[in-house]
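Q: Chains as they are written, first to last, in our numbering: chain A, 1 to 311; chain B, 1 to 311. There's a structure below that I have some questions on.
2 protein chains.
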Amino acid sequence: MTVSRVINTPDRVAEATASRVRAAIEALGYVPNLVAGGLSSRRTRMIAAIVPTIASPMFSAPIQSFTDTLSRQGYHVMLSLSGYDGAGDEALVHAVLARRPDGLLLTGARHSPDILRLLRNAAIPIVEIWDATETPTDMLVGFDHAEIGAAVADYLLAKGFRAFAVLAAGDPRATARRLGLCERLAASGCPILAERTLPSPSLIGDGRLGLRAIIADLPRGTAVVCSSDLVAFGAITEARALGRAVPEDLAVCGFGDFEIGMASEPSLTTVSVDGPAMGRIAAEKLLARLAGGTPARRTIVPFRILPRASA
Amino acid sequence: MTVSRVINTPDRVAEATASRVRAAIEALGYVPNLVAGGLSSRRTRMIAAIVPTIASPMFSAPIQSFTDTLSRQGYHVMLSLSGYDGAGDEALVHAVLARRPDGLLLTGARHSPDILRLLRNAAIPIVEIWDATETPTDMLVGFDHAEIGAAVADYLLAKGFRAFAVLAAGDPRATARRLGLCERLAASGCPILAERTLPSPSLIGDGRLGLRAIIADLPRGTAVVCSSDLVAFGAITEARALGRAVPEDLAVCGFGDFEIGMASEPSLTTVSVDGPAMGRIAAEKLLARLAGGTPARRTIVPFRILPRASA
DNA sequence: TTGTATGCGTTATCAT
DNA sequence: ATGATAACGCATACAA
C-alpha cells in the first residue's frame, strides 16, 4: 500500500519512506501492473479509438493529435481499424469494450441498434468524429458533410461553371458530401455529366482511373468534384497526361486540404477541415468528462473553401 | 467458471449448458472483462507498438498491416507515438510495459541501457522494425539503410551522374542512408555539392524549402538524393517552379515508393521497400512466439531501386 | 503517516 | 461435464 502511494500520491508519504521505496523500486526494476490497478480501481486510464484506417491522412491526422493529447494526460490509446465495410463492427465494438476503456472514440455517428446497446451499457464517455448528427450517441465533434457539398456547389457555380462531374468514394461521409453537392446543382438546373464511385479509402490511383473512365464525357469547362485531395490530385495528373489543361479545360476541386494539394501543379482548390483539431477536441471532451466536467455535447468544427488554381 | 468455458473453450461444455449460458449472456448484455482475465491468466492478448508518428506513410503503412494481422488473431494493438526526439522514451517504454502487453513492436534497434533493462525484465517477445542490426534486442524485421544509400549511389553513378546533393531527414535511419550514400560517392571521387538536414518526419514542404535553399549551388546535371518520396516530390515541384527541368537539368531520387511517386510528373525514381510486408512479418513473428514457436530472429526484407523518369 | 483487510472479475487447478 | 477454491496485483476504505 505504501508503494502504491509513493507512485500515485507521493504527497501522502513521508519523504524518508518514499525515498526508501524508490530505492527498492529501482533496485528491483519494479514496473507497476496497470492491469491489476485497472481491475481494482475500475479505471484503466486507456482510451479506445475505432477508425476505418490510418492509411489515409483523413484519419491518421486526427488520430495523431488525439493520441498526442491523451498521452500528455497519462492515457494510452488502443487503436482499432474497422475497415469500411461495416461487417464485424459489432464484434469489434464488443471486443474493444471488453478491455474496459475509460472512453471511446468512434468514426461517424450511425450505429446499429445492437452496437448502440453495447455502447449504452458500457456507460463510458464516447465521442464521435467526422459527423454532425443532431443526436450523437454521447458527444460529437465534426461537421455537416451535406453542407460542405452544397458550399462546393455554390463556389463552383459562382465561378461560372455549369457542367459537372463527380468522383466520390462510397463511404457515408463522402456520399453525404456528394448528395449535398448534387442537390444544390440540381436546384440550379446544372447537369452531372458523369459520376463514378470510388473505393474507400480512395487513393491517387483511384482518382486517375476514375477520371480516365469518364473523361470522354467531359466537355471543355467541366468542373470535376472529388471526395478527397488524393483523388483530385490523381484526376489532375491524369487529365494533364491526357492532354486536358487544368483548370482551363477541366477544373478540379478536392476535399481535405492535404499537403499534396498545395504542391500540386496547378495548386488544388479544396475544402479545408482541421483534422488535427478534431482529434484534439475529441480528446479534450473525453478528458473533461473523465475529470467530472460537462463539455459541450456537440462541437462543429469550421470548414472553408480554399480557392487555389485548379478550380 | 462454466461461463468462462463457454466463452473460451466451448468444446468442453455440454451443448445444453452452453446454450443456457449464451441465452443469459444475451439477456444480460454481459461483456466479459478482459482486464480481470488478463490479470488472472497473465496474458492480456494485447500487443503494444511504439512508432515515432503515424503522420507519415513510412509508419502508417506498416502499422496498418501489423494491426490487421494481429486483430485477425484476436489481439489488440496499443499504439504509442514517441516522436523523434528520443526524450521521454524510457518513460514511454515504462508506461507501455506497465500495461503488460503480450508482445512489443519497436521502431529501430538502438536503445539506451535503461530501456534495454526494462525490455529484458519484461520477458516478452519484442520485434524491432526498420533497422537491420546484427544484434537485435529480440527479433527484427528490416533492412540495412547504409546498404540502400550505397545502392542509390551505385545506381546514379551508373546513370552517369557525377555531381550530387542531399536532402535528408536527421533521424537515425535517414542518416544511415545518407552516410551509406556519401561514403560510396566519396569512394568514387564525386563531390556532394550541397547538403541539407530536414525535420523528421519530413513533408513535401520540407522538400520544397530544402531544394530552394540549395538550388543556386546545383549546376545542370546534379542528382538530388532525398530521404523520402515526399521530400523528393517537393524537390521536383520546387525545381520546376524555379524553371529547372527534371530530370534534364536536375535529377531527383526518393525513398519509400509512396503512391505519390507514381503520379508525380515526371514519375519519381525511388527505392521500394515493402512497408506493409514489414508490419505483417513483425506481427507474424510475435504471433509465432506467442504460440510457442521459434521464428527467425532476423528477417531482412528486400529493397529495390525503381528506375522511373526523375533520375 | 503507515498498515490491514477486502474486493475487483476473471482463470488455473483440483475435486466431484 | 461442472463446480469449488484460490490466486492474479493492485486500490479502496478504514484502523492504528
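C-beta atoms are modelled at their ideal positions from N, C-alpha and C, and glycine is treated no differently.
(1) According to the Cβ coordinates, are residue 273 of chain B and residue 143 of chain B closer than 9 Å?
(2) Does the separation of the CB atoms of residue 265 of chain B and residue 128 of chain A fall below 9 Å?
(3) Would residue 38 of chain A and residue 289 of chain A be called neighbours here (beta carbons separated by less than 9 Å)?
(4) Between residue 171 of chain A and chain B, is the shortest Cβ-Cβ distance under 9 Å, so that the two count as touching?
(5) Quick check: the Cα distance between residue 159 of chain A and residue 234 of chain A, rounded to an integer number of angstroms?
(6) Closest to residue 44 of chain A by CA distance: which of B:210, B:20, B:294 and B:99 is it?
(7) Answer with yes or no whether the minimum CB distance from residue 63 of chain A to chain B is below 9 Å.
(8) Do residue 310 of chain B and residue 236 of chain B have their C-beta atoms within less than 9 Å of each other?
(9) According to DSSP, is residue 1 of chain A helix, strand or coil?
(10) What does the Cβ neighbour count give for residue 114 of chain A, buried or exposed, with the cut at 16 atoms within 10 Å?
(11) Using the rule of at least 16 other Cβ atoms within 10 Å of the residue's Cβ for burial, across every protein chain shown, is residue 54 of chain B buried or exposed?
(12) For a cutoff of 9 Å on Cβ pairs, would you count residue 137 of chain A as touching chain B?
(13) Give every residue of the same chain whose Cβ lies closer than 6 Å to the Cβ of residue 184 of chain B, excluding the five residues on either side of it in the sequence, and list them in chain order.
(14) Would you mind working out which of B:202, B:67 and B:94 sits nearest residue 34 of chain A, comparing C-alpha positions?
(15) Please classify residue 91 of chain B as buried or exposed, where buried requires at least 16 other C-beta atoms within 10 Å of its C-beta.
(16) Verify the CB distance criterion: does residue 8 of chain B have a CB-CB separation below 9 Å to chain A?
(17) Between residue 202 of chain A and residue 303 of chain B, what straight-line distance do the alpha-carbon atoms span, to the nearest angstrom?
(18) DSSP state of residue 145 of chain B, grouped into three classes?
(19) Report the residue ranges of all alpha helix (DSSP H) runs contained in full by the segment 181-261 of chain B; include only those spanning at least 4 residues, in chain order.
(20) Do residue 163 of chain A and residue 231 of chain A have their C-beta atoms within less than 9 Å of each other?
(21) Does residue 90 of chain B get closer than 9 Å to chain A when you measure Cβ to Cβ?
(22) Checking the sheet assignment: what are the DSSP bridge partners for residue 25 of chain A?
(23) Starting from residue 303 of chain B and walking both ways along the alpha helix (DSSP H), at which residues does that stretch end?
(24) Excluding five sequence neighbours on each side, which residues of the same chain lie with their C-beta closer than 7 Å to the C-beta of residue 214 of chain A?
(25) Check whether the Cβ of residue 167 of chain B lies closer than 9 Å to any Cβ atom in chain A.
(26) Check whether the Cβ of residue 58 of chain B lies closer than 9 Å to any Cβ atom in chain A.
(27) Would you identify the three-state DSSP class for residue 119 of chain B, choosing helix, strand or coil?
(28) Could you tell me how far apart the beta carbons of residue 18 of chain B and residue 10 of chain B are, in whole angstroms, since I believe they sit closer than 8 Å?
(29) Take residue 72 of chain B as the anchor and find which of A:83, A:174 and A:24 has the nearest alpha-carbon.
(30) Given 8 Å as the limit, is there contact between the segment 53-68 of chain B and the segment 109-123 of chain B, that is, 3 or more CB pairs closer than that?
(31) Which residue's Cα is closest to the Cα of residue 227 of chain A: A:116, A:295, A:180 and A:20?
(32) Please identify the residue among B:66, B:155 and B:24 whose C-alpha is closest to the C-alpha of residue 305 of chain B.
(33) Please classify residue 307 of chain B as buried or exposed, where buried requires at least 16 neighbouring CB atoms within 10 angstroms.
(34) Below 7 Å on C-beta distance, what does residue 321 of chain A contact in chain B?
(35) Do the CB positions of residue 278 of chain B and residue 136 of chain B come within less than 9 Å of each other?
(36) To the nearest angstrom, how far is it from the Cα of residue 218 of chain A to the Cα of residue 211 of chain A?
A: On the basis of the coordinates in this document:
(1) Taking the first residue of the second sequence as 1, we reach residue 273 of chain B at position 273. Taking the first residue of the second sequence as 1, we reach residue 143 of chain B at position 143. Cβ distance < 9 Å, so residue 273 of chain B and residue 143 of chain B count as in contact.
(2) As a working mapping, residue 265 of chain B is identified with position 265 in the second sequence. As a working mapping, residue 128 of chain A is identified with position 128 in the first sequence. Cβ distance not < 9 Å, so residue 265 of chain B and residue 128 of chain A don't count as in contact.
(3) Counted from its first residue, the first sequence places residue 38 of chain A at position 38. Counted from its first residue, the first sequence places residue 289 of chain A at position 289. Contact: no.
(4) Against the first sequence, residue 171 of chain A aligns to sequence position 171. No, residue 171 of chain A lies away from the interface with chain B (no Cβ there is under 9 Å from its Cβ).
(5) As a working mapping, residue 159 of chain A is identified with position 159 in the first sequence. As a working mapping, residue 234 of chain A is identified with position 234 in the first sequence. C-alpha separation (whole angstroms): 23 Å.
(6) Position 44 of the first sequence holds residue 44 of chain A. Of the candidates B:210, B:20, B:294 and B:99, the one whose C-alpha sits nearest the C-alpha of residue 44 of chain A is B:99.
(7) Translated into the one-based positions of the first sequence, residue 63 of chain A becomes position 63. It does: the Cβ of residue 63 of chain A has a partner Cβ on chain B nearer than 9 Å.
(8) In the second sequence, residue 310 of chain B corresponds to position 310, counting from 1. In the second sequence, residue 236 of chain B corresponds to position 236, counting from 1. Yes; because the gap between Cβ atoms is below 9 Å, this pair is in contact.
(9) Taking the first sequence and counting its residues from 1, the one referred to as residue 1 of chain A is at position 1. In the three-state reduction of the DSSP assignment, residue 1 of chain A falls in the coil class.
(10) Mapped onto the first sequence, residue 114 of chain A falls at position 114. Under this definition residue 114 of chain A is an exposed residue.
(11) Here residue 54 of chain B corresponds to residue number 54 of the second sequence, with the count starting at 1. Buried.
(12) The residue labelled residue 137 of chain A in the question sits at position 137 within the first sequence. No - not a single Cβ of chain B is within 9 Å of the one on residue 137 of chain A.
(13) Start at 1 with the first residue of the second sequence, and residue 184 of chain B comes out as number 184. Cβ within range, chain order: 150 and 153.
(14) If you number the first sequence from 1, residue 34 of chain A lands on position 34. Of B:202, B:67 and B:94, the residue nearest in Cα terms is B:94.
(15) Residue 91 of chain B sits at position 91 when you count from the first residue of the second sequence. Exposed is the call here.
(16) The count along the second sequence starts at 1 and reaches residue 8 of chain B at position 8. No, residue 8 of chain B does not count as interfacial toward chain A.
(17) Locating residue 202 of chain A in the first sequence gives position 202, counting from the first residue. Locating residue 303 of chain B in the second sequence gives position 303, counting from the first residue. One alpha carbon belongs to residue 202 of chain A, the other to residue 303 of chain B, and they sit about 26 Å apart.
(18) By one-based count along the second sequence, residue 145 of chain B stands at place 145. Helix, per DSSP.
(19) As summarised for the segment 181-261 of chain B, the continuous alpha helix (DSSP H) elements at least 4 residues long and confined to that stretch are 204-214 and 229-241, given in chain order.
(20) In the first sequence, residue 163 of chain A corresponds to position 163, counting from 1. In the first sequence, residue 231 of chain A corresponds to position 231, counting from 1. Not in contact: residue 163 of chain A and residue 231 of chain A (Cβ atoms no closer than 9 Å).
(21) Position 90 of the second sequence, counting from 1, holds the residue named residue 90 of chain B. Not closer than 9 Å to any Cβ of chain A, the Cβ of residue 90 of chain B fails to qualify, so no.
(22) Working through the first sequence from its first residue, we reach residue 25 of chain A at position 25. None, per the DSSP bridge assignment.
(23) The residue given as residue 303 of chain B occupies position 303 in the second sequence. Careful: residue 303 of chain B lies outside any alpha helix (DSSP H), inside the beta strand (DSSP E) at 303-306.
(24) Your numbering for residue 214 of chain A matches position 214 in the first sequence. Result list for residue 214 of chain A: 165, 194 and 196, in chain order.
(25) In the second sequence, counting from the first residue as 1, residue 167 of chain B sits at position 167. Not closer than 9 Å to any Cβ of chain A, the Cβ of residue 167 of chain B fails to qualify, so no.
(26) Mapped onto the second sequence, residue 58 of chain B falls at position 58. No, because no Cβ of chain A sits closer than 9 Å to the Cβ of residue 58 of chain B.
(27) Your numbering for residue 119 of chain B matches position 119 in the second sequence. Looking at residue 119 of chain B - three-state DSSP - the assignment turns out to be helix.
(28) For the purposes of this step, residue 18 of chain B is taken as residue 18 along the second sequence, with counting starting at 1. For the purposes of this step, residue 10 of chain B is taken as residue 10 along the second sequence, with counting starting at 1. Yes, residue 18 of chain B and residue 10 of chain B are in contact; Cβ-Cβ is about 6 Å, under 8 Å.
(29) Locating residue 72 of chain B in the second sequence gives position 72, counting from the first residue. When only C-alpha atoms are compared, the closest one is A:83.
(30) By the Cβ test, the segment 53-68 of chain B is not in contact with the segment 109-123 of chain B, since fewer than three Cβ pairs between them sit closer than 8 Å.
(31) Indexing the first sequence from 1 puts residue 227 of chain A at position 227. Nearest of A:116, A:295, A:180 and A:20 to residue 227 of chain A, Cα basis: A:180.
(32) Along the second sequence, one-based indexing puts residue 305 of chain B at 305. Ranked by Cα distance from residue 305 of chain B, the first of B:66, B:155 and B:24 is B:155.
(33) As a working mapping, residue 307 of chain B is identified with position 307 in the second sequence. With fewer than 16 Cβ atoms within 10 Å of its Cβ, residue 307 of chain B is classed as exposed.
(34) Summary: the structure shown does not reach residue 321 of chain A, with chain A confined to residues 1 through 311, and so no result is reported for it.
(35) Indexing the second sequence from 1 puts residue 278 of chain B at position 278. Indexing the second sequence from 1 puts residue 136 of chain B at position 136. Going by beta carbons, residue 278 of chain B and residue 136 of chain B fall outside the 9 Å limit.
(36) Here the question's residue 218 of chain A lines up with position 218 in the first sequence. Here the question's residue 211 of chain A lines up with position 211 in the first sequence. So the two alpha carbons sit approximately 10 Å from each other.
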